[in-house]
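Residues in the sequence shown are numbered consecutively from 1122, following the working numbering.
Cβ atoms here follow ideal geometry from the backbone N, Cα and C, with glycine treated the same way.
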Amino acid sequence: MKSQNESPGTRSVLVIHPRLSAYAGGELLALWTCKILQQMEYHVTLVADVFEPSRVEEVYGMGEVLTKCRQIQMPRPHKRMPFHLEILTRLLYVVRLAKFAKSLNAMDFKFVLSTQSSIFSFPGKRLYHFVYGIEDLFRYPIPLIAAPGARVGRLKRLYLYFLRSIYRRLAPPPLPNWFFADGLNLLKQLQRIGYSNSSFFYPPSRVFKPRLPKKNQVIQVSRVVPEKRIEVLFEIARKLPSYKFILVGKNLGAERNLNPGYYEKLFSKRPRNVSYIEIPIIQNAELLE
1122 MKSQNESPGT RSVLVIHPRL SAYAGGELLA LWTCKILQQM EYHVTLVADV FEPSRVEEVY
1182 GMGEVLTKCR QIQMPRPHKR MPFHLEILTR LLYVVRLAKF AKSLNAMDFK FVLSTQSSIF
1242 SFPGKRLYHF VYGIEDLFRY PIPLIAAPGA RVGRLKRLYL YFLRSIYRRL APPPLPNWFF
1302 ADGLNLLKQL QRIGYSNSSF FYPPSRVFKP RLPKKNQVIQ VSRVVPEKRI EVLFEIARKL
1362 PSYKFILVGK NLGAERNLNP GYYEKLFSKR PRNVSYIEIP IIQNAELLE
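Next comes the structure, spelled out in structure tokens:
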């Protein structure tokens, strides 16, 4: 129950998910986070790039959760431009993000949950980051550091260092109180690079009742990006030719721009027993058999 002596901020929580438009696994966690907080009678403010309750209802059946959130729109980046102009527009976007970060920090929240590991800092407030891959660390809405262990050229490292320096002059870097890792290997990676303030959590999953008898088929729902290592699924499919494999994926335009040629190269080696669809799994309940 809410105390009569509580200030408005003591029941207000900020959830940051810069790329809700991905509509993948991390977005399900963000929505469940909002739902649980709402059930605990917190006032939830969500920072995201899109607010589409009808789309969220279509994909996750959680449109009502989104409508109950107070909404703050992420600053929109400029559309892709020629490389010599993109360097300037990215710099201007970093400046806009720093101003946006200051405006968020000026608001009164009891604590902050970054369900995508973001670059935003909240001095004096409890901050928690959810991490799904080491390459996601402090990466949203744009990367200011190279992923640990990533092979990045010298020019790109200098470019990221320049952007990071500009951002830090305008806004402090994030210092989360705690990291939640969705895998034990990821937890070890975080602890290895100095983040002992981290622990493992079980990501939420949808509950369904499969029809019987079960079919000899394997289904994976995933974005079509290198970090998802869909090549492993293809290799398993080659070793199990009597099984049908179905990849329920997404190949958003933004993902293809970030990973040019990856989609074409990957699917040029797709085994015959692997099918690919892009329709949300909630609209294909017959697949869950």
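Buried versus exposed call for residue i [16 or more other C-beta atoms within 10 Å across all chains shown]
i, result
"P1381", "exposed"
"E1227", "It is Ala, not Glu, that sits at residue 1227 in the sequence shown. So A1227 counts as exposed."
"D1257", "buried"
"P1262", "buried"
"G1315", "exposed"
"V1233", "buried"
"E1352", "exposed"
"M1195", "buried"
"Y1144", "buried"
"T1188", "exposed"
Minimum Cβ-Cβ distance from residue i to chain D less than 9 Å
i, result
"S1319", "Among the protein chains of the structure shown there is no chain D, as only one such chain exists."
Residue i (DSSP reduced to helix, strand or coil)
i, result
"I1400", "coil"
"S1343", "strand"
"K1365", "strand"
"M1122", "A caution first: M1122 carries a pLDDT of 42, below 50, which makes its placement in the model unreliable, though a value can still be read off. Coil."
"I1263", "coil"
"S1133", "strand"
"L1234", "strand"
"F1321", "strand"
"G1182", "coil"
"G1147", "helix"
"S1175", "helix"
"P1371", "It is Lys, not Pro, that sits at residue 1371 in the sequence shown. Note: K1371 maps to strand in three-state DSSP."
"S1224", "helix"
"S1239", "strand"
Bridge partner(s) assigned by DSSP for residue i
i, result
"R1191", "T1166"
"W1299", "Y1249"
"V1395", "F1366"
Proximity below 9 Å, CB of residue i to CB of residue j
i, j, result
"I1340", "F1366", "yes"
"S1286", "F1259", "no"
"V1171", "L1218", "no"
"Y1383", "R1391", "no"
"S1235", "P1198", "no"
"Y1253", "G1370", "no"
"L1368", "S1389", "no"
"L1284", "V1215", "yes"
Do the segment 1170-1177 and the segment 1240-1248 touch if we need at least three Cβ pairs shorter than 8 Å? The answer is no - the segment 1240-1248 does not touch the segment 1170-1177, with fewer than three Cβ pairs under 8 Å.
Do the segment 1204-1222 and the segment 1279-1295 meet, that is, are 3 or more Cβ pairs less than 8 Å apart? The segment 1204-1222 makes contact with the segment 1279-1295; the number of CB pairs closer than 8 Å reaches 3 or more.
With three or more C-beta pairs closer than 8 Å as the rule, is the segment 1161-1174 touching the segment 1131-1149? Yes, since at least three Cβ pairs between the segment 1131-1149 and the segment 1161-1174 fall closer than 8 Å, the two stretches touch.
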